[in-house]
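Participant: Quick one: the structure is below, and I'll ask about it shortly.
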Amino acid sequence: MKIVSLVGARPQFIKEAVIHNELKKYENIKEVLIHSGQHYDFNMSDVFFQVLDIKKPEYFLNVGSGLHGEMTGKIMMEFEKVVMKEKPDLILVYGDTNTTLAGAIVGAKLKIPVAHIEAGIRQKPKDMPEEINRVLTDHISTYLFCPTKIAVENLEKENIIDGVYFVGDVMYDLYLLMEERFRYDVYEELKLRENEYILLTLHRDFNVDRKEKLEKILKELNKISKEKKIVFPIHPRTRKRISEFSLKKYLKNLIVIDPIDYLNLMGLVKKSWKIITDSGGLQKESYFARRQAVVLMPDTGWRELIEAKWNILATEEDLYEKVFNKTPINYPENLYGNGNAGEKIGKILEEKL
Numbered sequence: 030m031k032i033v034s035l036v037g038a039r040p041q042f043i044k045e046a047v048i049h050n051e052l053k054k055y056e057n058i059k060e061v062l063i064h065s066g067q068h069y070d071f072n073m074s075d076v077f078f079q080v081l082d083i084k085k086p087e088y089f090l091n092v093g094s095g096l097h098g099e100m101t102g103k104i105m106m107e108f109e110k111v112v113m114k115e116k117p118d119l120i121l122v123y124g125d126t127n128t129t130l131a132g133a134i135v136g137a138k139l140k141i142p143v144a145h146i147e148a149g150i151r152q153k154p155k156d157m158p159e160e161i162n163r164v165l166t167d168h169i170s171t172y173l174f175c176p177t178k179i180a181v182e183n184l185e186k187e188n189i190i191d192g193v194y195f196v197g198d199v200m201y202d203l204y205l206l207m208e209e210r211f212r213y214d215v216y217e218e219l220k221l222r223e224n225e226y227i228l229l230t231l232h233r234d235f236n237v238d239r240k241e242k243l244e245k246i247l248k249e250l251n252k253i254s255k256e257k258k259i260v261f262p263i264h265p266r267t268r269k270r271i272s273e274f275s276l277k278k279y280l281k282n283l284i285v286i287d288p289i290d291y292l293n294l295m296g297l298v299k300k301s302w303k304i305i306t307d308s309g310g311l312q313k314e315s316y317f318a319r320r321q322a323v324v325l326m327p328d329t330g331w332r333e334l335i336e337a338k339w340n341i342l343a344t345e346e347d348l349y350e351k352v353f354n355k356t357p358i359n360y361p362e363n364l365y366g367n368g369n370a371g372e373k374i375g376k377i378l379e380e381k382l
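Per the numbering used here, residue 30 is the first one in the sequence shown, and the count goes up by one each step.
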């Protein structure tokens, strides 16, 4: 049995590491890894192959960045060639990127079963690129592996019932696996102190692509930085927008660094006081590390964290207020399974195929 896995962004590399380690336990499964090249910054992709022992990709599609339609189309064109050559029994896609959707469409068109890892996540606004990608992918997938019970319920509301499995979150598998290897090089280089800084990530189009909104966010961050240090591994997209909009003056009170590898990022998470982020993955990783996240989004796919009041949604208008919210809250346990999602997915695929 041959499985083709398609990845192209940081969260997908991480999920692939977990799944690959499970699939290689089965002698009758051969996995072919394909890297779309959607995100190709050293600190955001290659480093995962080094520190997470990810299987080296047999193919690199080298699509690069571009408009959503252009990027998705390029991936489809190049991926289809590889799939027709390899003739897999299953295509594995991860998450909610353009790479995810492109892989799922190619599988559906070629009548090859598609398995979607992290299926069933839903959030507003409905026109957000990631939401479009995940909804369309779910509707053309054969196997849907859900990280939470809410994800299963979301699919039921859309009449997607067959092939749906609640397995838990592979990100939690990875967190437990890697926790002892987290690195604190950046933490030490910056001479930080535990619980005395906020870790910030910011990259979503709805936060950074309009000058007025981005400027308001940066003003709020500057206000916060007067009370707590803010460490900001800056995304290439955000850096570009700040330069285009002439907003660099708002960075002077923040500790701005280049994107960093997963192990050092998790080291910063564990030592932080809180997290400010618009990253889907980091919302959960903060929870795994028992750190609260203030989420700069109108909605989140990880609603269980909001319902438990562990994480808080914020806007450019109330960010300061939400960060310094003093309402006490107990840590909600076991929202994402028991750390064996990868094992469950491997067993299901081996049995079904």
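Just so you know, even glycine gets a beta-carbon here, dropped at the ideal spot from N, CA and C. Quantities reported herein were computed from a predicted structural model and do not represent experimental measurements.
Apart from the five residues just before and just after E223, which ones in its own chain have a Cβ nearer than 7 angstroms to its Cβ?
Facilitator: Numbered from its first residue, the sequence shown carries residue 223 at position 194. K300.
Participant: Given I169, which residues of its chain have a CB within under 8 angstroms of its CB, disregarding the five upstream and five downstream residues?
Facilitator: Residue numbering aside, residue 169 sits at position 140 when the sequence shown is read from its first letter. These residues qualify, in order along the chain: A133, I134, G136, A137 and V143.
Participant: Note down, in chain order, each residue of its chain lying with its Cβ closer than 6 angstroms to the Cβ of Y55, except the 5 sequence neighbours on either side.
Facilitator: In the sequence shown, counting from the first residue as 1, residue 55 sits at position 26. Same-chain partners within the cutoff: E379.
Participant: Roughly how many angstroms lie between the CA atoms of E441 and V199, to the nearest whole one?
Facilitator: No information on residue 441 is available, as it lies outside the stretch 30 to 382 that the chain covers here.
Participant: Whole angstroms are fine: how far does the CA of I259 sit from the CA of K242?
Facilitator: Walking along the sequence shown from the start, residue 242 turns up at place 213. Walking along the sequence shown from the start, residue 259 turns up at place 230. Distance between the alpha carbons of K242 and I259: 19 angstroms.
Participant: Can you tell me which of the three DSSP states Y172 falls into?
Facilitator: Counting from 1 along the sequence shown, the entry for residue 172 is found at position 143. The answer is strand: DSSP assigns Y172 an E or B state.
Participant: Looking at the strands, I want to know which residues DSSP matches up with T17.
Facilitator: With the chain covering only 30 through 382, there is no way to say anything about residue 17.
Participant: From the DSSP output, read off the bridge partner residues of V143.
Facilitator: Here residue 143 refers to the residue found at position 114 of the sequence shown. The partner list for V143 (beta bridge, DSSP) reads I120.
Participant: Can you grab the Cα-Cα spacing for the pair I304 / N57, in whole Å?
Facilitator: Position 275 of the sequence shown, counted from the start, is the residue given in the question as residue 304. Position 28 of the sequence shown, counted from the start, is the residue given in the question as residue 57. A straight-line Cα-Cα distance of about 43 angstroms links I304 and N57.
Participant: Whole angstroms are fine: how far does the CA of Y216 sit from the CA of E225?
Facilitator: Residue 225 sits at position 196 when you count from the first residue of the sequence shown. Residue 216 sits at position 187 when you count from the first residue of the sequence shown. Each residue's Cα considered, the two are about 12 angstroms apart.
Participant: Determine the extent of the beta strand (DSSP E) in which F195 is found, giving its start and end residues.
Facilitator: Residue mapping note: residue 195 aligns to position 166 of the sequence shown, counting from 1. Where F195 is concerned, the enclosing beta strand (DSSP E) stretches over V193 to F195.
Participant: For K245, collect the residues of the same chain with a Cβ closer than 8 angstroms to its Cβ; drop the 5 residues on either side in sequence, then sort them by chain order.
Facilitator: Walking along the sequence shown from the start, residue 245 turns up at place 216. Once the five neighbours on either side are set aside, the close Cβ partners of K245 are E345 and E346.
Participant: Note down the Cα distance separating D167 from K373, rounded to an integer number of angstroms.
Facilitator: Sequence index remark: in the sequence shown, residue 167 carries index 138 (1-based). Sequence index remark: in the sequence shown, residue 373 carries index 344 (1-based). If I take the Cα positions, the gap works out to 19 angstroms.
Participant: Please list, in chain order, all residues of the same chain as M73 whose beta carbon is under 7 angstroms from its beta carbon, the five residues on each side excluded.
Facilitator: Taking the sequence shown and counting its residues from 1, one reaches residue 73 at position 44. Low confidence applies here, because M73 scores a pLDDT of 45, under 50, leaving its location unreliable; read the following figure in that light. The residues are R39 and P288.
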